[in-house]
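Residue numbers (the working numbering): 577 to 932.
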Amino acid sequence: MSEANQKVERSQIPVTVLTGYLGAGKTTLLNRILTENHGKRYAVIVNEFGEIGIDNDLLVESDEEIFEMNNGCICCTVRGDLIRTVQNLMKRRNAFDAIIVETTGVADPAPVAQTFFMDDDVRAAAKLDAVVAVVDARHVLQRLADTTEAEDQIAFADVILLNKTDLVSAEELARVAARIAGVNPYAAIEKTERCAVELQTVLDRGAFDLDRILSIDPHFLRHGHHEHECSAACDHNHDHDHQNHHHQDDLGHDHDHPHSVKSISLTAGDLDPDMFFPWINQVTQIQGPNILRMKGILAFNNDPQRYVIQGVHMIVEGDHQRDWEATEDRQSRLVFIGRDLNWDTLKQSFTACVAE
Ligand SMILES: Nc1nc2c(ncn2[C@@H]2O[C@H](COP(=O)(O)OP(=O)(O)OP(=O)(O)O)[C@@H](O)[C@H]2O)c(=O)[nH]1
Numbered sequence: 577m578s579e580a581n582q583k584v585e586r587s588q589i590p591v592t593v594l595t596g597y598l599g600a601g602k603t604t605l606l607n608r609i610l611t612e613n614h615g616k617r618y619a620v621i622v623n624e625f626g627e628i629g630i631d632n633d634l635l636v637e638s639d640e641e642i643f644e645m646n647n648g649c650i651c652c653t654v655r656g657d658l659i660r661t662v663q664n665l666m667k668r669r670n671a672f673d674a675i676i677v678e679t680t681g682v683a684d685p686a687p688v689a690q691t692f693f694m695d696d697d698v699r700a701a702a703k704l705d706a707v708v709a710v711v712d713a714r715h716v717l718q719r720l721a722d723t724t725e726a727e728d729q730i731a732f733a734d735v736i737l738l739n740k741t742d743l744v745s746a747e748e749l750a751r752v753a754a755r756i757a758g759v760n761p762y763a764a765i766e767k768t769e770r771c772a773v774e775l776q777t778v779l780d781r782g783a784f785d786l787d788r789i790l791s792i793d794p795h796f797l798r799h800g801h802h803e804h805e806c807s808a809a810c811d812h813n814h815d816h817d818h819q820n821h822h823h824q825d826d827l828g829h830d831h832d833h834p835h836s837v838k839s840i841s842l843t844a845g846d847l848d849p850d851m852f853f854p855w856i857n858q859v860t861q862i863q864g865p866n867i868l869r870m871k872g873i874l875a876f877n878n879d880p881q882r883y884v885i886q887g888v889h890m891i892v893e894g895d896h897q898r899d900w901e902a903t904e905d906r907q908s909r910l911v912f913i914g915r916d917l918n919w920d921t922l923k924q925s926f927t928a929c930v931a932e
């Protein structure tokens with residue numbers, strides 16, 4: 577490599593793309609990265625699927641800079657957003673050492689990765705370091721059977737965290753690991769609980785291998801020709817079929833997305849915990865198979881603290897997070913992402929949990 581080329585490489589900021597299906601553990605990994613004492617400064621770009629912005633609240637408070645892109649679907653529009661965000665970051669190139677992009681759980685990582693090759697300014701300034709996929713050991717076989725995204729995410733990854741090892745037996749873990757290696761024999765697979773991993777396993781790897789990606793996606797470098805499903809959120813002219821997508825309103829109450837995955841956002845004031853907990857237990861037990869993801873920030877009456885609740889299918893966990901600040905609205909927000917969820921029924925039964 578010539579000296580000039582080496583210089584360009586050194587000045588390019590490394591970018592880690594974090595992918596993984598809904599609820600696999602991406603935020604858990606990100607929180608580890610943001611809290612660990614590694615002496616590096618990261619700019620973090622997060623992209624949400626639900627509409628009422630909960631993910632940002634689930635990130636630990638840190639000195640890192642977090643940029644939120646709230647356009648729901650990763651597709652062409654996101655690429656534009658991502659380019660603009662990265663270009664803006666580059667104006668303050670010396671303020672951080674690396675960039676991490678967390679994609680939404682239903683995203684195909686290819687368009688995000690493509691961004692770092694397609695746009696000349698971005699390509700000159702940033703270099704894709706690795707695509708890291710977090711995989712939920714408990715649910716991934718189901719996801720491989722009923723979606724294409726989970727497989728794309730695994731196929732595309734340079735590093736795979738096979739997470740939630742605590743939720744499966746040793747035999748099941750071995751079976752899942754073998755299945756993943758079948759989809760992607762090239763990625764390094766790390767088995768983790770709550771994404772506990774040496775950070776050098778996922779960051780600054782220099783692992784992204786363009787040749788391998790071109791072998792699984794020959795169109796990867798062809799601008800605008802990657803096959804992906806556009807959503808109704810796309811604001812450009814194209815010929816894709818939008819028949820299966822509809823957006824009911826701008827309030828984020830009922831949004832269809834490709835592959836019939838829909839997000840439902842519910843909001844209220846203070847809730848009565850004696851009503852809420854039996855209700856959420858019942859909803860997740862009965863509708864669990866269809867609930868890919870559930871997360872919320874809740875205000876309970878007479879409780880000074882924010883309560884965070886999260887779930888994947890029937891597995892639900894919750895905890896107090898911190899005090900509500902005097903300047904904050906005590907608002908309860910709950911998002912369900914799943915299939916065949918009925919907004920009216922959920923809304924009605926949720927409203928019944930509002931404190932008198
Ligand atoms: N039992 C168990 N739970 C885990 C593990 N890792 C993460 N979780 C829990 O799984 C849920 C989802 O984790 P997140 O890190 O928010 O997942 P995510 O991929 O960011 O989710 P989305 O961004 O909504 O797609 C949370 O309730 C986590 O506490 C693990 O290893 N074991």
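Cβ coordinates follow ideal geometry from the N, Cα and C atoms, glycine included.
Given the structure is predicted, the values throughout are model-derived calculations rather than measurements.
Could you tell me the alpha carbon to alpha carbon distance between residue i and residue j, rounded to whole angstroms?
i	j	result
Val688	Arg798	14 angstroms
Thr679	Val593	7 angstroms
Lys838	Glu725	15 angstroms
Asp712	Arg699	32 angstroms
Ile621	Ile730	21 angstroms
Ile885	Val892	7 angstroms
Tyr618	Ala928	43 angstroms
Gln718	Thr611	32 angstroms
Arg781	Met851	48 angstroms
Lys923	Asp657	32 angstroms
Ala746	Val752	10 angstroms
Ile589	Ala671	11 angstroms
Met666	Lys616	17 angstroms
Leu853	Gln881	Correcting the residue identity first, residue 853 is Phe in this sequence and not Leu. If you take the alpha carbons of Phe853 and Gln881, they lie about 16 angstroms apart.
Gln861	Leu720	22 angstroms
Asp811	Asp879	Note on Asp811: pLDDT 38, under 50, position unreliable in the model; no value is reported.
His822	Glu904	Low confidence applies here, because His822 scores a pLDDT of 31, under 50, leaving its location unreliable; read the following figure in that light. Their Cα atoms are separated by approximately 33 angstroms.
Glu727	Val759	7 angstroms
Tell me which same chain residues have a C-beta within less than 6 angstroms of the C-beta of residue i, skipping the five on either side of it?
i	result
Ala844	Ser908 and Val930
Phe732	Pro685 and Val707
Thr604	Arg770 and Cys771
Phe926	Leu842
Thr768	Leu737 and Asn739
Gly1015	No answer is possible for residue 1015: the residues shown for the chain start at 577 and end at 932.
Arg714	Lys740, Leu743 and Val744
Gln858	none
Ala701	Met666
Would you kindly report the start and end of the unbroken alpha helix (DSSP H) that includes residue i?
i	result
Gln881	No alpha helix (DSSP H) contains Gln881, which is instead part of the beta strand (DSSP E) from Gln881 to Val888.
Glu932	Note, Glu932: premise wrong, no alpha helix (DSSP H); not H, not E.
Leu775	Leu775 to Val778
Ala721	Val716 to Asp722
Lys602	Lys602 to Thr611
Asn857	Pro849 to Gln863
Ala764	Taken as a continuous stretch (DSSP letters only), Ala764 belongs to no alpha helix (DSSP H), being part of the beta strand (DSSP E) at Ala764 to Lys767.
Please list the terminal residues of the continuous beta strand (DSSP E) segment that includes residue i.
i	result
Gly894	Ile891 to Asp899
Pro590	Ile589 to Thr595
Leu737	Val735 to Asn739
Thr679	That residue, Thr679, is in no beta strand (DSSP E); it is neither H nor E in DSSP.
Val759	Taken as a continuous stretch (DSSP letters only), Val759 belongs to no beta strand (DSSP E), being part of the alpha helix (DSSP H) at Ala746 to Val759.
Lys871	Ile867 to Ala875
Thr843	Lys838 to Ala844
Leu670	In the sequence under discussion, the amino acid at residue 670 is Asn, which differs from the Leu named in the question. Where Asn670 is concerned, there is no enclosing beta strand (DSSP E), given that its DSSP letter is neither H nor E.
Ala701	No beta strand (DSSP E) contains Ala701, which is instead part of the alpha helix (DSSP H) from Asp696 to Ala701.
Arg909	Ser908 to Gly914
Gln619	Residue identity differs from the one stated: residue 619 is Ala in this sequence, not Gln. Start and end: Tyr618 to Asn623.
By Cβ distance below 7 angstroms, which residues in the same chain neighbour residue i in space, the five residues on each side in sequence not counted?
i	result
Ala763	Ala733, Asp734, Val735 and Ile736
Phe935	Outside the modelled stretch of the chain, which goes from 577 to 932, sits residue 935, for which no answer is possible.
Ile659	Thr691, Asp695 and Val698
Asp633	Ile873
Leu827	Low confidence applies to Leu827: its pLDDT is 33, below 50, so where it sits in the model is not reliable, and the reading given next is rough at best. Here the set comprises nothing.
By Cβ distance below 8 angstroms, which residues in the same chain neighbour residue i in space, the five residues on each side in sequence not counted?
i	result
Asp815	In this prediction, Asp815 has a pLDDT of 31, which is less than 50 and means its spatial position is unreliable; what the coordinates show is noted afterwards. Contacts found: none.
Val773	Leu605, Arg608, Leu737 and Glu766
Asp895	Tyr883 and Val884
Asp705	Pro590, Val591, Thr592, Ala674, Leu779, Asp780, Arg781, Gly782, Ala783 and Phe784
May I ask you to verify whether the stretch 863-874 touches the stretch 692-712, counting CB pairs closer than 8 angstroms and requiring at least 3? no
Within the chosen definition, does the stretch 893-902 reach the stretch 912-927 through at least 3 CB pairs nearer than 8 angstroms? no
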